[in-house]
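S.K.: If you read the protein sequences in the order shown, they are chains V and F. With the first letter of the first sequence counted as 1, position 107 gets the number 1468 in our numbering; the numbers rise by one all the way through. With the first letter of the second sequence counted as 1, position 175 gets the number 176 in our numbering; the numbers rise by one all the way through.
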Amino acid sequence: MSAPSELLVLDRVSLHFGGLAAITDLSLSVREGEILAVIGPNGAGKTSMLNLVTRVFDPSGGRILFRGRDISRLPRAAIASLGIARTFQNIELFEAASVLDNLLLGRHRFGAGAWWQQLLRTPGLVAIEEAHRARVEEVIEFLDLSPWRRASVATLPYGVRKVVELGRALCAEPALLFLDEPASGLNPEETRDLGFWIEDIRSELGITVVMIEHDMGLVGAVADRVICMAQGRVLAQGSAAEVQADPEVVAAYLGT
Amino acid sequence: MRFDYLTSYRQDFALLRHPADRAAYGMLAAALLAAPMVVSAYGLGELSYVLILCIAAMGLMVLTGFTGQVSLGHASFVAIGAYGHAYALSQGVPFILSLPLAAGLAALAGLAVGVPAIRVSGLYLAMVTLAFAIVVEQLAGMWRAVTGGYMGLAVPPPELFGLPLGGATGFYYACLAVTAMVLIGLVNLMRSGIGRAFRGVRDSEAAAHALGIRVRAVRIAAFGLSAGITGLAGGLMAHHLGYLTPDAFSLVLSLDLVLMVVIGGLGSLRGAILGAVLISMLPNAVAALKAILPDSLARQSGLELFVSGLILVLFVLFEPQGLNGRWLKLRLLVETFPLYRRDTFRRQKSYMRSERNR
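Okay, structure coming up:
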């Protein structure tokens, strides 16, 4: 049984595509309130692990416990309502919509009124929309997105898109936030801003963060704990310095 | 130049925020209401037909423009609405009940198509809807007991609480009222949670799943809503035609509807209306064009088809955002003159999307 401080537990989880084993007997846990970084060479199964938790794939074996409850058979759309949010490695924004609409969609799990209220735009619905908008504006403020509020995502530069995607995940007010390579494609300045935001997300908003990241500068700066994966299993875990010094990790990155 | 200074979210929610907007739309409404006083009975009939096509185009826009699902078979929902309405009227159901009934019937048919259609997208979905349209057209021809087959079915004249709506003026106002209701309802839906979910499903399924949107349910619901609105247009179309035969709802009508939403500009209700107005005026425009063309050209068959094809190609090449996009650009040009930048609407490079988990 998991201790109460463990928010998410993967218990001997595996994932096979036919004969290909993407993940084998992976066990790890995420503690409440920590910033956990997952590193590893390409094809280590980092994103597959994330896709298992968010129910994109069905696990071939094992259990995934969120707050002690097995979520490995839930429908895909039910994950958001548990308080798990994610971003994507190759930005998955709603491109033809405005930044505001993207962020408002982040609040989908809180409901947007009955269909007849929406059809008639009743006073009750306007109040609901107002409340959602107010929460969205808080995120806009937090992430400095106000210059882009009305811009369509298709017209935004890459770095801003990354921030919008982070903002959309925050609008869902998650307890657990997965960031899939948040710093990839960002310049050093943007990466530094991102580091500050990730720390604030944990300390001010109280959200547990799991990030898959290659930028060891960022990982070293913000992560409390680092897990190194290779070939679908955990190779080493500990502080950033410990993991980087681990001979097995060095071997996995450099090849033997 | 104009800068909005907003002090509440409610001000931001307002559809017509500026006095100029209110004046423009007020004038449009007044002109539409006053039309019967100046337009001939024939002209009113044509105007009613344009309004009916506006409704049908808005129906298809919900599906293709907002959820990104292509349908090459929307004429079938027009047909189901038209035959359903005519049959219900002939059984003694009053007009005011029969019209929503017909729309409901078309919506059910839409849900039935939507359920298998969620498994396919793009070209394959277009094929499924095309096949459905062919089946419906054949059915309308064969099921003589209900549809009158190829001999046709006479539609009883419309009547509202004992008031005859059969005249050009009465029917025009009925069409105008239905168009206004559909437009306002859809505007409200599309800027609320349902509309956002539609656009979410269109732009990124992976993200929609992750945010808790039930993608399949949304796609099926969009099919039902779209078919229902198109069926409503079908019910009115029955009165416009007066006599229903299956060939009124052939592939040509489906393609015309697709032309309307693409030329109008996908993803905007204004686009659906602009597209419907343009395409429905095309036959008259081509007839006028024939008068000034040299005889050898004017007598070519298929001139109309050629012109609509040409317009589609020109729009796809030069204005993929359609009439709505052109409208937005013109408006910005006027509002920000002389500071307008030509590249304001240019799309940034779209970034690679590998690893899409559909």
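All C-beta atoms, glycine included, are put in the ideal place defined by N, C-alpha and C. Keep in mind the model is a prediction, meaning the values are calculated, not measured.
Under 8 Å Cβ to Cβ from residue 1493 of chain V, same chain only, skipping five residues before and after it: list those, please.
M.R.: The residues are 1465, 1468, 1471, 1473.
S.K.: Establish whether the CB of residue 223 of chain F and some CB of chain V are separated by less than 8 Å.
M.R.: No, residue 223 of chain F does not count as interfacial toward chain V.
S.K.: Buried or exposed: which applies to residue 1403 of chain V, given that a residue is buried once 16 or more other Cβ atoms fall within 10 Å of its Cβ?
M.R.: Answer is exposed; the Cβ neighbour count stays below 16.
S.K.: Short of 8 Å Cβ to Cβ, which residues in the stretch 1480-1496 of chain V face chain F?
M.R.: Of all residues in the stretch 1480-1496 of chain V, 1480, 1481, 1482, 1486, 1487, 1490, 1491, 1494, 1495 have a Cβ within less than 8 Å of some Cβ in chain F.
S.K.: Tell me, to the nearest whole angstrom, how far the beta carbon of residue 99 of chain F is from that of residue 89 of chain F; I am working on the premise that it is less than 8 Å.
M.R.: 4 Å between Cβ atoms; contact.
S.K.: Would residue 1473 of chain V pass as an interface residue toward chain F - the criterion being a Cβ-Cβ separation below 8 Å?
M.R.: It does: the Cβ of residue 1473 of chain V has a partner Cβ on chain F nearer than 8 Å.
S.K.: Taking residue 190 of chain F as the query, report the chain V residues whose CB atoms sit under 7 Å from its CB, ordered along the chain.
M.R.: Chain V residues near residue 190 of chain F: 1479, 1480.
S.K.: Considering only DSSP beta bridges, list what residue 1445 of chain V is partnered with.
M.R.: Note: residue 1445 of chain V sits in a beta bridge opposite V:1537.
S.K.: Is there a Cβ from chain A that is less than 8 Å from the Cβ of residue 302 of chain F?
M.R.: Among the protein chains in the structure shown, which are V and F, there is no chain A.
S.K.: Give the DSSP-derived three-state secondary structure of residue 359 of chain F in the structure shown.
M.R.: With a pLDDT of only 38 at residue 359 of chain F, under the threshold of 50, the placement of this residue in the model should not be trusted; the figure read from the coordinates follows. The answer is coil: DSSP assigns residue 359 of chain F none of H, G, I, E or B.
S.K.: Can you tell me the Cβ-Cβ gap for residue 270 of chain F and residue 59 of chain F, rounded? I've got them flagged as a contact below 8 Å.
M.R.: At roughly 6 Å, the Cβ-Cβ gap stays under 8 Å, so residue 270 of chain F and residue 59 of chain F are in contact.
S.K.: Using 10 angstroms around the beta-carbon of residue 331 of chain F, count the other beta-carbons present and answer buried if the total reaches 16, otherwise exposed.
M.R.: Under this definition residue 331 of chain F is an exposed residue.
S.K.: Measuring alpha carbon to alpha carbon, tell me which of F:321, F:253, F:250, F:185 ends up nearest residue 1481 of chain V.
M.R.: Taking only the C-alpha atoms, the option nearest residue 1481 of chain V is F:185.
S.K.: Residue 1462 of chain V versus chain F: which residues are under 8 Å apart at the beta carbon?
M.R.: Residues of chain F passing the Cβ test: 197, 200.
S.K.: Tell me, please, whether the CB atom of residue 1509 of chain V is closer than 8 Å to any CB atom in chain F?
M.R.: It does not: the Cβ of residue 1509 of chain V has no partner Cβ on chain F nearer than 8 Å.
S.K.: Can you grab the Cα-Cα spacing for the pair residue 55 of chain F / residue 257 of chain F, in whole Å?
M.R.: Each residue's Cα considered, the two are about 12 Å apart.
S.K.: Please list the terminal residues of the continuous alpha helix (DSSP H) segment that includes residue 1560 of chain V.
M.R.: Start and end: 1549-1564.
S.K.: Only counting runs of 3 or more residues, tell me where the beta strand (DSSP E) segments fall wholly within the stretch 57-81 of chain F, in order along the chain.
M.R.: Fully enclosed beta strand (DSSP E) runs of 3 or longer: not present.
S.K.: Would you identify the three-state DSSP class for residue 20 of chain F, choosing helix, strand or coil?
M.R.: If DSSP states are grouped into helix, strand and coil, residue 20 of chain F belongs with the helices.
S.K.: Going by alpha carbons, who is nearest to residue 1409 of chain V out of V:1583, V:1518, V:1591, V:1596?
M.R.: Among V:1583, V:1518, V:1591, V:1596, the Cα nearest to that of residue 1409 of chain V is on V:1591.
S.K.: What residues from chain F crowd round residue 1427 of chain V, counting only those whose CB sits closer than 9 Å?
M.R.: Simply none; closest approach about 15 Å.
S.K.: Could you say which of V:1566, V:1567, V:1610, V:1568 lies nearest to residue 1587 of chain V if we only look at CA atoms?
M.R.: Of the candidates V:1566, V:1567, V:1610, V:1568, the one whose C-alpha sits nearest the C-alpha of residue 1587 of chain V is V:1610.
S.K.: Name the two residues that bound the continuous beta strand (DSSP E) containing residue 1598 of chain V.
M.R.: First-last of the beta strand (DSSP E) with residue 1598 of chain V: 1594-1599.
S.K.: Can you give the Cα-Cα distance for residue 1415 of chain V and residue 1585 of chain V, rounded to whole angstroms?
M.R.: Residue 1415 of chain V and residue 1585 of chain V: Cα-Cα distance of roughly 23 Å.
S.K.: Whose CA, out of V:1564, V:1479, V:1498, lies closest to the CA of residue 1511 of chain V?
M.R.: For residue 1511 of chain V, the nearest C-alpha among the options comes from V:1498.
S.K.: Among the residues of its own chain, which have a CB less than 7 Å from the CB of residue 1576 of chain V, if the five just before and after it don't count?
M.R.: Cβ neighbours of residue 1576 of chain V beyond the five flanking positions: 1544, 1552.
S.K.: Identify, in the order they occur along the chain, each residue of the same chain with its Cβ nearer than 6 Å to the Cβ of residue 1513 of chain V, setting aside the five sequence neighbours on each side.
M.R.: For residue 1513 of chain V, where only same-chain residues beyond five positions count, the Cβ hits under 6 Å are 1459.
S.K.: Compare the C-beta of residue 276 of chain F against all C-beta atoms of chain V and say whether one is closer than 8 Å.
M.R.: No, no contact with chain V.
S.K.: Kindly indicate if chain V contains any beta-carbon less than 8 Å away from that of residue 212 of chain F.
M.R.: So yes, residue 212 of chain F belongs to the interface.
S.K.: Which same chain residues, not among the five before or five after residue 1563 of chain V, have their C-beta less than 6 Å away from its C-beta?
M.R.: Around residue 1563 of chain V: 1396, 1570.
S.K.: Have a look at residue 304 of chain F and residue 284 of chain F and give me their C-alpha separation to the nearest angstrom.
M.R.: Approximately 10 Å between the Cα atoms of the pair.
S.K.: Taking DSSP as the reference, what is the three-state secondary structure of residue 295 of chain F?
M.R.: Three-state result, residue 295 of chain F: coil.
S.K.: Counting C-beta neighbours from all protein chains within 10 Å, is the total for residue 179 of chain F 16 or more, i.e. buried, or is it exposed?
M.R.: Flag for residue 179 of chain F reads buried.
S.K.: Quick one: which residues of the stretch 1527-1558 of chain V get their C-beta closer than 7 Å to a C-beta of chain F? List them in chain order.
M.R.: Cβ contacts with chain F come from 1533.
S.K.: Mind checking if residue 11 of chain F is an interface residue toward chain V, Cβ cutoff 8 Å exclusive?
M.R.: Yes, contact with chain V.
S.K.: Rounding to the nearest angstrom, what Cα-Cα distance links residue 1540 of chain V and residue 211 of chain F in this structure?
M.R.: Spanning the two alpha carbons is a distance of roughly 13 Å.
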